[in-house]
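Below is one structure, written out as structure tokens, with a few remarks after it.
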Ligand SMILES: [Zn+2]
């Protein structure tokens, strides 16, 4: 068996604060989100991890449909001659493209790229579909896998093959394309904050961080507990760059031929990495209820021959499932303590305890995962008749409290800095999001990166005051969040 096939053996989850990276890997494996695979750079998404992904898809897809998009599917393989048409794009992606060179024994006359992203193949098809301004806009999203050559393996954060969605739209005007780019940035921010409970900063990428071939790239950036930023989604205004390369033209209302304006935008399973790191604690995962594979788990306590609690739990669970809730009864022959900590480790938002005395009283006890043991409101006794409605309220409270805790952390670790020495020190020490006035020059950004490891995560307009760049002293053109990043 190869070394890569050996799973890290996780006995105990190490404290999160000691070594975030070790904690993260341990939680991903122990909670059975992923397994390492025999393929370097690729992980297996196990059922519990896949269910998390499915819930992300469900919420994001609903938002795409609400904003007028439809799903479609395009080929995995891209002929080399197509890929090389947009110069900046191919240059940006060349180092990480995997190539198919043979079909069976036969060497191909033209290599085929495994998609690192799909602007090329989709742009080629849009060129065929678009003739007139009446064919626009095209608003399509694709859920798929992509592959970018990568040696490291960090579940969700850095893998060769990963799952994502990529939206691709074509429009008749620059303004429409820009509006679409910003609309999808909003969708991502709304999803991150209201579903994943992860607060983010939204803004414009600097030129050096821009998507290859884009006119403008926007991103949402979350802050992880180790002070590093995690880019959680991007939205690109591609202007006419791709439509010129792939010949997406249309006759406008004046019967003139014009190039279309295109956009693309994506969120990957990286977002799940942000969820895990943001919310988890020393006991393991803490999942936001809207994404959690299970919203609640019943742990019935069978004493002696008295298994009435098990029967009651099954009845109550069946009732909740009929009301559309994601619940499970844990009837394993293990001690209550073992089952409690197992579901805590897996991050289930609410545990429902029920023993023979609860059956007599017609109650259950809800235990919230977002609260510490013994904290006010961590345990709530509820009558069977109102369980569904109370549970729903409690799940909303858990969702809100996880967001509040993460927002508190982000605020505490965002520093408005005007002093140059303090700026470099905070960037170097990974203090968090360093909010500073910046000149916008690539040379200045490169210097900060070389000296501290930090880059601009995204930028936004100045508030109006005339300011100088925190790093070089030249006039500032924007405010930027600087941070080291994943
Ligand atoms: Zn500068």
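Numbering (the working numbering), first residue to last: 39 to 524.
By construction, the Cβ of each residue, glycine as well, lies at the ideal position given by its N, Cα and C atoms.
Predicted model only: the values in this text are computed from it and were never measured.
| Query | Result |
| --- | --- |
| Burial state of residue 501 (16 or more Cβ within 10 Å) | exposed |
| Check: residue 512 C-beta below 8 angstroms from any heavy atom of ligand 1 | yes |
| N-terminal and C-terminal residue of the beta strand (DSSP E) that residue 274 is part of | 267–277 |
| Closer than 8 angstroms: residue 16 CB and nearest ligand 1 heavy atom | The chain is shown from 39 up to 524; residue 16 falls before or after that span and cannot be answered. |
| Beta-carbon proximity of residue 257 to residue 312, cut-off 9 angstroms | no |
| Closest by C-alpha distance to residue 472, when choosing among 300, 108 and 456 | 456 |
| Three-state secondary structure (DSSP) of residue 522 | coil |
| Stretch-stretch touch, CB-based, cutoff 8 angstroms, three pairs: the stretch 228–243 with the stretch 489–499 | yes |
| Own chain partners of residue 322 with C-beta closer than 8 angstroms, once the 5 adjacent residues on each side are dropped | 51, 65, 68, 69, 382, 383, 384 and 385 |
| Straight-line gap, residue 482 to residue 144 (C-alpha atoms, nearest Å) | 50 angstroms |
| Spatial neighbours of residue 332 in its chain, beta-carbon cut-off 7 angstroms, leaving aside the 5 residues before and after | 364, 365, 366 and 386 |
| Cross-strand partners of residue 163 (DSSP beta bridge) | The partner list for residue 163 (beta bridge, DSSP) is empty, contrary to what the question assumes. |
| Member of 302, 306, 516 and 392 whose CA lies at the smallest distance from the CA of residue 107 | 302 |
| CA-to-CA distance, residue 391 to residue 316, given in whole angstroms | 27 angstroms |
| Beta-carbon spacing of residue 127, residue 304 below 9 angstroms | no |
| Cβ pair residue 19, residue 178 closer than 9 angstroms | Nothing can be reported for residue 19, as the shown portion of the chain is limited to 39 through 524. |
| Cβ distance (whole Å) where residue 215 is taken to contact residue 300 below 8 angstroms | 7 angstroms |
| Exposed unless 16 or more other CB atoms sit within 10 angstroms - verdict on residue 140 | exposed |
| Residue 40 to residue 185 span [Cα, whole Å] | Here residue 40 scores only 46 on pLDDT, less than 50, and its place in the model should not be relied on; the value that follows carries that caveat. Approximately 23 angstroms, taken between the alpha carbons. |
| Cβ-heavy atom distance, residue 507 to ligand 1, below 8 angstroms | yes |
| CA-to-CA distance, residue 205 to residue 272, given in whole angstroms | 11 angstroms |
| Sequence ranges, alpha helix (DSSP H) only - wholly within the stretch 314–364, length at least 4 | 346–360 |
| According to DSSP, residues forming a beta bridge with residue 513 | 506 |
| Beta-carbon gap between residue 54 and residue 470 smaller than 9 angstroms | no |
| Pair within 9 angstroms by beta-carbon distance, residue 135 and residue 187 | yes |
| Ligand 1 heavy atom lying under 8 angstroms from the CB of residue 482 | yes |
| Backbone secondary structure at residue 48 - three-state DSSP | coil |
| Run of the beta strand (DSSP E) containing residue 148, from where it starts to where it stops | 144–152 |
| Inter-residue spacing [alpha-carbon to alpha-carbon] between residue 402 and residue 308 | 37 angstroms |
| Buried versus exposed, by CB contacts within 10 Å (16 or more), residue 293 | exposed |
| Top-ranked residue by Cα proximity to residue 231, from 191, 445 and 450 | 445 |
| Neighbourhood of residue 183 by C-beta distance below 6 angstroms, restricted to the same chain and skipping five residues each side | 199 and 201 |
| Simplified DSSP state of residue 397, which is helix, strand or coil | helix |
| Residue 93 burial status per 10 Å Cβ neighbour count (16 or more: buried) | buried |
| Proximal residues to residue 110 (C-beta, below 8 angstroms), its chain only, five neighbours per side dropped | 178, 179 and 180 |
| 8 angstroms Cβ shell around residue 420 - same chain, five flanking residues per side excluded | 401, 402, 403, 404, 428 and 429 |
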